[in-house]
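This report refers to the structure that appears directly beneath it.
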Amino acid sequence: MKKFNRTLVTTALPYANGPVHIGHLAGVYVPADIYVRYLRMKGEDVLLIGGSDEHGVPITIKAQKEGITPQDVVDKYHNIIKDSFEKFGISFDVYSRTSNKVHHETASEFFKTLHEKGEFIEKTSEQYYDAEANQFLADRYITGTCPHCKSEGAYGDQCESCGTSLNATDLIDPRSSITGNKPELKETKHWYLPLDKYEPYLKQWILEEHKEWKPNVYGQCKSWLDNGLHPRAVTRDLNWGVPVPVDGGEGKVLYVWFDAPIGYISATKEHTPDWEKYWKAEDSKMVHFIGKDNIVFHCIIFPSMLKAEGSYILPENVPSNEFLNLEGDKISTSRNWAVWLHEYLEEFPEKQDVLRYVLTANAPETKDNDFTWKDYQARNNNELVAILGNFVNRALVLTHKYFDGKVPAAGELNDFDKETLAEIPTIKAQVEKNLETYHFREALKEAMNLARLGNKYLADTEPWKVIKTDEERVKTIMNICLQISTNLSTLMEPFLPFTVNKLREFLNIEPLAWENIGENVIEVGHQINKASLLFEKIEDATIQAQVDKLLATKAANEAANKPVTPAKENINFDDFMKMDVRVGTITEAEKVAKTKKLLKLTVDTGIDQRTVVSGIAEHYKPEEIIGKQVSILVNLEPKKLKGIESQGMILMAEDADGKLSFVSPDQAVKPGSEIR
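Note that this note's numbering has the sequence shown beginning at 1127, numbered continuously upward.
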């Protein structure tokens, strides 16, 4: 196996058009952070590089919808994202942004280098153009029906339903997302990277030299390579992004998937003047942490760019995860169907590690997985509280109870003691093996086995009983329990950094190096501090509040997408003129006995005072509507409802969610005024 002297870890750049959600965390940032923390604990030279992707078309779409500038959008969300990552403990060495000057310079130079080497193909092609908007349409400005899964609303570069990468011209019934019009094809010139030129190299590099890559990554790359690669445009007709820095590039910018990965390079430049040793030295290892929708860009397009430039190393591994769903439905920013990190941090203070634990234990490493709030609660209560927290608390409390908080000396070890201690290096080795091969879910499971080992040891040795007859034996038991607790403060650090800081405070110790995991990691006579709980139980009411929040989101989405009732058959003008609709004022209101929906109203119609029975009791309280001016159909034939003669109909507007609202004048008018 090749020996590396440093490791460069990059994380997919989140679009700065919205906050970060749990899907991003599970797919990219939590596993990357675990890996980097582990390497740091081993004393290795490692950088964790991240940043916001601020040039994607979704950002210009967001700005257009909100009536603000793209810069306003990225400034807002970059700050939210960066702050959320810091509070959540994602330990970036640098978290940059692609709107920075250093990035624009780096991306421009990279493009010019390839241009001067003759690596691009310049060609004119027909692309979609919106005549009304007077602009060419980037991929995300075009929607239509996916030719593969027939899902509506696919974008011009990808179908989010089936995940297939597309060209805009593949879409069935394409539409401009700016005006809704059907776009026309119009000629425009762009620069293309000839991926087919690098196909033989990529086949050798991926299919022969990197068979150890995860099956989902290897399989997707093989599929692309088997189907044959084609030149891909690296510029776009757009006014937001890195301007194309050569003659003829006026009004064009670098395609976001050419621009964005160069952000890893520019961020490293921003962090250290020694950036080249991480990017160009043969003894450097580069690892990309990404989601599965980014595999082709990081395994085929970006490596082709680096190969074309000629001086950069290529990634050693690209450990991509699958997708995380939420309560059985796909996470969606546009539908607000997500658990947003910044909201979680506010609503669950000091519970960063609970979410880190749940997302790692349920990581979508080999297939799409589902996050549910009930599972979150169960893993907290049944694993973090009942296993890890329970063991540590009992070990520390008993040490204070029996030995005034001082680490007792171990006496002669029996076979069970020796077997228990012998498990520690075995567990450590299993954690290492899984971390080195990017199996973080299994690594966490193995680390938790150390807490399970401690619980079993305590339960089997029963020091609370033995203390009555053999204090020396209890000294040995508690010494071993404290050794396990101290080892947990190291073994768990990559996964639960906030928790181990708290545990070290309890144990009154400094951080230990990874290599020191084993026996005798805490000295005899060392004074430990009083312990409190590492974790607290999460109650049903807390979880139900989160479930209700999602149900409200689902109801809002359904209401927003509910189709408008089609128009009824035409009536003639004479029929319409027969309707006598007036403005009336409600003077009295009361509930109709033994009904849920009916209110008995007295309405001043300007003609008379009349009684109207209206089905609005679930929407308005009687006392709220006294004095309210309403629209009333006064020449409707009277009808008895619950024994009350109703002499007219109050006109109401019904929203998509069934909510009723009065149709009222926007200023006070005389009762009896006709509505025409």
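C-beta atoms are modelled at their ideal positions from N, C-alpha and C, and glycine is treated no differently.
Proximity of Thr1711 and Gln1755 at Cβ, strictly below 8 Å
Result yes, Cβ atoms of Thr1711 and Gln1755 sit closer than 8 Å.
With DSSP run on the structure shown, which of helix, strand or coil describes Asp1299?
Strand at Asp1299.
Starting from Lys1715, trace the beta strand (DSSP E) in both directions and tell me its first and last residue.
The sequence as given places Ala at residue 1715; Lys does not occur at that position. That run of the beta strand (DSSP E) goes 1707-1717.
Spatial distance of Val1557 from Thr1295 (CA atoms):
Taking the Cα positions, Val1557 is about 48 Å away from Thr1295.
C-alpha gap between Leu1638 and Gly1215, whole angstroms:
The alpha-carbon separation between Leu1638 and Gly1215 amounts to approximately 19 Å.
DSSP state of Val1647 mapped onto helix, strand, coil
Note: Val1647 maps to coil in three-state DSSP.
Tell me whether Leu1380 sits in a helix, a strand or coil according to DSSP, three-state version.
The three-state secondary structure of Leu1380, taken from DSSP, is strand.
Contact under 8 Å by Cβ, Leu1385 with Ala1233
The amino acid at residue 1385 is misidentified as Leu; the sequence shows Asp. Going by C-beta atoms, Asp1385 is nearer than 8 Å to Ala1233.
For the structure I just gave you, are there three or more beta carbon pairs, one from the segment 1427-1443 and one from the segment 1457-1470, closer than 8 Å?
Contact annotation: the segment 1427-1443 does not touch the segment 1457-1470, with fewer than three C-beta pairs closer than 8 Å.
Quick one: is Glu1598 buried, meaning 16 or more other Cβ sit within 10 Å of its Cβ, or exposed?
So Glu1598 ends up on the exposed side.
Count the other C-beta atoms from every protein chain shown that fall within 10 angstroms of the C-beta of His1356, then say buried if there are 16 or more, exposed otherwise.
Looking at its Cβ environment, which holds fewer than 16 other Cβ atoms inside 10 Å, His1356 is exposed.
Between the CA atoms of Glu1192 and Thr1563 - distance to the nearest angstrom
Taking the straight line joining both Cα atoms gives about 44 Å.
Following the continuous alpha helix (DSSP H) through Arg1578, name the residue where it begins and the one where it ends.
Where Arg1578 is concerned, the enclosing alpha helix (DSSP H) stretches over 1566-1587.
Just curious, the beta strand (DSSP E) that His1414 is in, first and last residue?
That run of the beta strand (DSSP E) goes 1410-1415.
To the nearest angstrom, report how far apart Ala1569 and Met1618 are at their CA atoms.
Rounded to the nearest angstrom, the gap between the Cα atoms of Ala1569 and Met1618 is 10 Å.
Which residues mark the beginning and the end of the beta strand (DSSP E) in which Gln1284 is found?
For Gln1284, no beta strand (DSSP E) run applies, since DSSP gives it neither H nor E.
If you reduce the DSSP assignment to three classes, tell me which class Pro1145 lands in.
Of the three classes helix, strand and coil, the one that applies to Pro1145 here is coil, per DSSP.
What first and last residue would you give for the beta strand (DSSP E) that runs through Phe1788?
1786-1788 is the extent of the beta strand (DSSP E) around Phe1788.
Span of the beta strand (DSSP E), counted from its first residue to its last, around Asn1451
For Asn1451, the enclosing beta strand (DSSP E) begins and ends at 1450-1452.
If you check the beta carbons only, do Tyr1254 and Leu1292 fall under 8 Å apart?
In this structure, Leu1292 does not lie closer than 8 Å to Tyr1254 by Cβ.
One or two residues paired with Gln1120 in a DSSP bridge
Nothing can be reported for residue 1120, as the shown portion of the chain is limited to 1127 through 1802.
Would you tell me roughly how many angstroms separate the C-alpha atoms of Asn1226 and Trp1317, rounded to the nearest one?
Each residue's Cα considered, the two are about 24 Å apart.
To the nearest angstrom, how far is the alpha carbon of Gln1478 from that of Pro1623?
Roughly 9 Å between the two C-alpha positions.
Smallest Cα separation from Ile1758: which of Met1705, Gln1670, Ile1553, Lys1329?
The candidate whose alpha carbon is nearest that of Ile1758 is Met1705.
Spatial distance of Phe1497 from Cys1288 (CA atoms):
Put simply, the backbone Cα of Phe1497 is about 20 Å away from that of Cys1288.
Cut-off 7 Å between Cβ atoms - residues of its own chain near Asp1256, not counting five sequence neighbours on either side
The answer, listed in chain order, is Leu1263, Ser1302, Ile1304, Thr1305, Asn1307, Pro1309.
If Asn1516 and Lys1663 are in contact, beta carbons under 8 Å, what's the gap, nearest whole angstrom?
Separation of the CB atoms of Asn1516 and Lys1663 is rounded to 11 Å, and the pair is thereby denied contact status at 8 Å.
Pop quiz: Ala1487 and Arg1578 are said to be a contact at Cβ under 8 Å. What is the actual Cβ separation, rounded to whole angstroms?
14 Å between Cβ atoms; not a contact.
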